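Residue numbers (our numbering): 3 to 404.
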């Protein structure tokens, strides 16, 4: 029995076949729009048809946002994208990435060829990009003298900085002679020594913007010494001028925002810087004053006069201590001397001979303490409290005390 597959397996197999086909992964299909429906999610569902058949198409929101026009019934278009199978329904459909109106295909091809040519020449390289001055005072503008672009630039510039000088070179931005006019405007303003130049116009179709894809304009931008901001069309519009310019702005208004610094914000920034600088200066002054006070105190403490006074005070303190110690020593010695004097007084013969007692010495000056030390007729000395008596021994009488 042959193999049996599920519907999902069959649809997946077919989808893989579509995916592996290189021709179907990047294909352009031309036809007429029918059954066009914009979904609330932002996706666009439509059909393209010709006299022989129809092809279901879907453009998801991320690509739909980049469309420069709104799809309408009956429009002749060229759809670029891939063809694959929607497995749930088992239907193949085209997933659109970009859509152009039929007739613009030749211009688109010319655009791609010019882009490749100039890129190979290095004109898009970042090494040639000049920085836009942050504080532009004179700004040149190459655009039409009437139209939304110049009014948008003037309005934005006036709001952001009323002192900036805008110099307009009124150029043709569409039709015959537009590229030459734009190139002349760039050369003219470049000779004026301006801070930067804005080159651009409002939005439009590929045909309307074609002057900014011309090689003459690209070379004028590349050779310009003044920094150039390209501001062509809307955000989704991209031109050769955008690639060559030093800076691309999505719209003319955005170009003015990039070129003209906000004066009010600048003033506020200056005021904030002034406050910060003042606070830092005051803090530095306080710190320096504190340091000076510390150094001054240190200098005072290190001054010879201060050191002499300190040493003098130290000597005075030592002198007082010495006097105190001497006084204390003297008092102690006086007290000891008084004690010794009392003791000596108690041992003194004079104190003993007071009150009727005397001190007897013989001819040799020795104290007579016993009878055997003298004989009758010997001369003796009797020391009394108030004088001395010389006497002669007449008789010796021995007395015994029990």
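From the three backbone atoms N, C-alpha and C, an ideal C-beta is built for every residue, glycine too.
Please read these numbers as outputs of a predicted model, since none were measured by experiment.
Run of the alpha helix (DSSP H) containing residue i, from where it starts to where it stops
{"i": "residue 24", "result": "24-27"}
{"i": "residue 7", "result": "That residue, residue 7, is in no alpha helix (DSSP H); it is neither H nor E in DSSP."}
{"i": "residue 185", "result": "180-192"}
{"i": "residue 220", "result": "217-224"}
{"i": "residue 245", "result": "242-246"}
Span separating the alpha-carbon of residue i from that of residue j
{"i": "residue 93", "j": "residue 257", "result": "46 Å"}
{"i": "residue 111", "j": "residue 118", "result": "11 Å"}
{"i": "residue 33", "j": "residue 189", "result": "44 Å"}
{"i": "residue 222", "j": "residue 104", "result": "31 Å"}
{"i": "residue 371", "j": "residue 342", "result": "26 Å"}
{"i": "residue 291", "j": "residue 247", "result": "55 Å"}
{"i": "residue 385", "j": "residue 344", "result": "21 Å"}
{"i": "residue 178", "j": "residue 203", "result": "16 Å"}
{"i": "residue 28", "j": "residue 98", "result": "10 Å"}
{"i": "residue 30", "j": "residue 272", "result": "56 Å"}
{"i": "residue 263", "j": "residue 230", "result": "16 Å"}
{"i": "residue 404", "j": "residue 367", "result": "Annotation note: pLDDT 48 at residue 404 (below 50); position unreliable, no value reported."}
{"i": "residue 313", "j": "residue 295", "result": "24 Å"}
{"i": "residue 58", "j": "residue 23", "result": "19 Å"}
{"i": "residue 326", "j": "residue 305", "result": "31 Å"}
{"i": "residue 298", "j": "residue 285", "result": "20 Å"}
Residue closest to residue i, alpha-carbon to alpha-carbon, out of the options
{"i": "residue 401", "options": "373, 309, 262 and 394", "result": "373"}
{"i": "residue 141", "options": "29, 331, 329 and 191", "result": "191"}
{"i": "residue 66", "options": "25, 83 and 52", "result": "83"}
{"i": "residue 379", "options": "393, 385 and 370", "result": "393"}
{"i": "residue 391", "options": "54, 109, 362 and 321", "result": "362"}
{"i": "residue 218", "options": "5, 38 and 116", "result": "116"}
{"i": "residue 39", "options": "88, 122, 60 and 216", "result": "60"}
{"i": "residue 245", "options": "283, 122, 309 and 321", "result": "122"}
{"i": "residue 52", "options": "157, 316, 135 and 79", "result": "79"}
{"i": "residue 224", "options": "322, 303, 242 and 208", "result": "242"}
{"i": "residue 398", "options": "375, 388 and 9", "result": "375"}
{"i": "residue 176", "options": "147, 162 and 193", "result": "147"}
Buried or exposed by the 16-neighbour rule on C-beta atoms within 10 Å, applied to residue i
{"i": "residue 250", "result": "buried"}
{"i": "residue 334", "result": "exposed"}
{"i": "residue 137", "result": "exposed"}
{"i": "residue 48", "result": "buried"}
{"i": "residue 164", "result": "exposed"}
{"i": "residue 101", "result": "buried"}
{"i": "residue 145", "result": "buried"}
{"i": "residue 214", "result": "buried"}
{"i": "residue 234", "result": "buried"}
{"i": "residue 254", "result": "buried"}
{"i": "residue 365", "result": "exposed"}
{"i": "residue 128", "result": "exposed"}
Check: residue i C-beta below 7 Å from any heavy atom of the ligand FMN
{"i": "residue 180", "result": "Among the components modelled here there is no ligand, and therefore nothing to report on the ligand FMN."}
Residue span of the beta strand (DSSP E) that contains residue i, given as start and end
{"i": "residue 49", "result": "46-52"}
{"i": "residue 234", "result": "230-234"}
{"i": "residue 172", "result": "167-172"}
{"i": "residue 359", "result": "Run containing residue 359: none; DSSP gives neither H nor E here."}
{"i": "residue 393", "result": "390-394"}
{"i": "residue 200", "result": "198-203"}
- Report the residue ranges of all alpha helix (DSSP H) runs contained in full by the stretch 260-307; include only those spanning at least 4 residues, in chain order. The qualifying runs are 265-304.
- beta strand (DSSP E) runs wholly inside the stretch 107-159, at least 3 long, in chain order: Entirely contained in the stretch 107-159, the beta strand (DSSP E) runs reaching 3 residues are, in chain order, 140-145.
- Query: Which residue spans inside the stretch 67-104 form an unbroken beta strand (DSSP E) run of at least 3?
  - Reply: Within the stretch 67-104, the runs of beta strand (DSSP E) at least 3 residues long that lie entirely inside it are, in chain order, 78-88 and 93-103.
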